[in-house]
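Colleague: Before I ask anything, let me first share the structure, which is written out below as structure tokens.
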């Protein structure tokens with residue numbers, strides 16, 4: 001997309017949501033606009049890392065997930081191509097979560113999970129970072145509440161250049177929706193990004209990168225009504241036996257019984 005058109009889209013959208021009280025804070029406005037300038041204008045490679053650690057001792061890293069989006073190689077593509085990597089740390093494969101944190105280490109949504117020693121995993125991740133750092137346009141790192149993942153990466157001996165900047169999807173989401181309820185799961189639901197099997201490092205990295213794309217896309221935000229009050233959602237606008245109430249929980253989605261198709265049609269198209 002042309003930069004001039006992108007700038008117009010960004011400015012127009014930010015103007016349309018200027019009534020959001022959170023954006024009255026210039027720090028929030030600047031953070032959201034910067035994310036859109038970087039991501040929507042496809043100016044930089046985005047690398048997302050996610051770390052899973054053993055719930056009984058966070059000093060043991062059990063999984064590393066990575067997702068990479070290189071816009072320079074896919075301008076005009078209808079669906080962004082995101083490279084996914086999922087690494088299981090060989091020394092810690094017996095240390096499994098499940099008591100306090102969901103264990104989905106065996107349920108990577110990509111093709112292959114790689115079993116590597118921690119030393120080899122560090123060499124691999126460092127090679128990825130060094131490769132993209134050598135490019136003319138430096139990459140941005142992406143994370144959801146990234147400080148924890150950054151600390152783990154550094155503790156493993158991975159060197160991250162001091163001039164590399166972060167796009168934190170939790171912070172970007174909070175610029176318009178506040179800090180309460182800014183978990184990855186909730187942000188993905190509000191952004192209407194289908195997802196499953198979180199707490200797998202590879203899956204989390206992939207979905208976090210998708211979230212960065214959605215949050216930084218004024219067109220996508222408009223089409224999914226991301227900045228519309230939640231009480232106007234389709235399911236909240238429909239009649240369920242004369243009442244607007246949830247029937248029951250079904251997996252990751254909410255289950256509603258609808259007895260008025262016209263009401264649902266009206267809500268769907270508005």
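Residue numbers (UniProt numbering): 1 to 270.
Ideal Cβ placement from N, Cα and C applies to all residues, glycine included.
This one's a predicted model, so the numbers in the text were calculated from it and none came from an experiment.
Could you pull out every residue in the same chain whose Cβ sits closer than 6 Å to the Cβ of residue 274, ignoring the five residues on either side in sequence?
Modeller: Any property of residue 274 remains undetermined from this structure, which presents the chain solely from 1 to 270.
Colleague: Which residues does DSSP list as the beta-bridge partners of residue 66?
Modeller: Residue 66 sits at position 66 when you count from the first residue of the chain shown. According to DSSP, which records beta bridges pairwise, residue 66 is partnered with 49, 85.
Colleague: Per DSSP, what are the beta-bridge partners of residue 143 in this structure?
Modeller: In the chain shown, residue 143 corresponds to position 143, counting from 1. Partner(s): 168.
Colleague: Hey, quick one: how far does the beta strand (DSSP E) through residue 116 stretch, first residue to last?
Modeller: One-based indexing of the chain shown puts residue 116 at position 116. Start and end: 113–116.
Colleague: Please report the straight-line C-alpha distance between residue 123 and residue 85, rounded to a whole angstrom.
Modeller: Against the chain shown, residue 123 aligns to sequence position 123. Against the chain shown, residue 85 aligns to sequence position 85. Near 14 Å, if we compare the C-alpha coordinates of residue 85 and residue 123.
Colleague: Give the single residue among 31, 93, 25, 227 whose Cα lies nearest to the Cα of residue 54.
Modeller: Indexing the chain shown from 1 puts residue 54 at position 54. Residue 93 is the option with its Cα nearest to residue 54.
Colleague: Give the straight-line distance between the Cα atoms of residue 25 and residue 169, rounded to the nearest whole angstrom.
Modeller: Counting from 1 along the chain shown, the entry for residue 25 is found at position 25. Counting from 1 along the chain shown, the entry for residue 169 is found at position 169. For residue 25 and residue 169, the distance between alpha carbons rounds to 18 Å.
Colleague: Return the CA-CA distance between residue 224 and residue 62, expressed in angstroms with no decimal places.
Modeller: Looking up residue 224 in the chain shown gives position 224. Looking up residue 62 in the chain shown gives position 62. Residue 224 and residue 62: Cα-Cα distance of roughly 35 Å.
Colleague: Quick one, are the C-beta atoms of residue 158 and residue 118 less than 8 Å apart?
Modeller: Start at 1 with the first residue of the chain shown, and residue 158 comes out as number 158. Start at 1 with the first residue of the chain shown, and residue 118 comes out as number 118. For residue 158 and residue 118, no; Cβs fall outside 8 Å.
Colleague: Straight-line CA distance for residue 244 to residue 97?
Modeller: Taking the first residue of the chain shown as 1, we reach residue 244 at position 244. Taking the first residue of the chain shown as 1, we reach residue 97 at position 97. Confidence is the limiting factor: at residue 244 the pLDDT is only 42, short of 50, which leaves the residue's position unreliable, though a coordinate-based value still follows. Their Cα atoms are separated by approximately 38 Å.
Colleague: Mind checking whether residue 78 and residue 132 have CB atoms under 8 Å apart?
Modeller: On the chain shown, position 78 is the one that residue 78 refers to. On the chain shown, position 132 is the one that residue 132 refers to. Not closer than 8 Å, so no.
Colleague: List the endpoints of the continuous alpha helix (DSSP H) containing residue 28.
Modeller: On the chain shown, residue 28 is found 28 positions in, with the first residue counted as 1. Note, residue 28: alpha helix (DSSP H), 26–39.
Colleague: Given residue 327, which residues of its chain have a CB within under 7 Å of its CB, disregarding the five upstream and five downstream residues?
Modeller: Given a span of 1 to 270 for the chain in the structure shown, any question on residue 327 remains unanswerable.
Colleague: Can you find the residues in the same chain that come closer than 6 Å, C-beta to C-beta, to residue 67, ignoring five residues on each side of it along the sequence?
Modeller: Position 67 of the chain shown, counted from the first residue, corresponds to residue 67. So the list reads 48, 82, 84, 205, 206, 209, once near-sequence residues are dropped.
Colleague: For residue 219 versus residue 9, is the C-beta spacing smaller than 8 Å?
Modeller: If you number the chain shown from 1, residue 219 lands on position 219. If you number the chain shown from 1, residue 9 lands on position 9. Taking 8 Å as the Cβ cut-off, residue 219 and residue 9 qualify as a contacting pair.
Colleague: Figure out for me which residue from 102, 257, 171 has the closest Cα to the Cα of residue 35.
Modeller: Along the chain shown, one-based indexing puts residue 35 at 35. Per the Cα distances, 171.
Colleague: Which ranges does the beta strand (DSSP E) cover as unbroken runs of at least 3 residues, wholly within the stretch 191–226, from first to last along the chain?
Modeller: As far as the stretch 191–226 is concerned, it has no whole beta strand (DSSP E) run of at least 3 residues.
Colleague: According to DSSP, simplified to helix, strand and coil, what is residue 57?
Modeller: Indexing the chain shown from 1 puts residue 57 at position 57. Here residue 57 sits in strand by DSSP.
Colleague: Taking only the alpha-carbon atoms, compute the straight-line gap between residue 199 and residue 42 and give it to the nearest angstrom.
Modeller: Reading the chain shown from its first residue, position 199 is the one you call residue 199. Reading the chain shown from its first residue, position 42 is the one you call residue 42. Their Cα atoms are separated by approximately 28 Å.
Colleague: Where does residue 154 sit, in a helix, a strand or coil, going by DSSP?
Modeller: Indexing the chain shown from 1 puts residue 154 at position 154. Helix.
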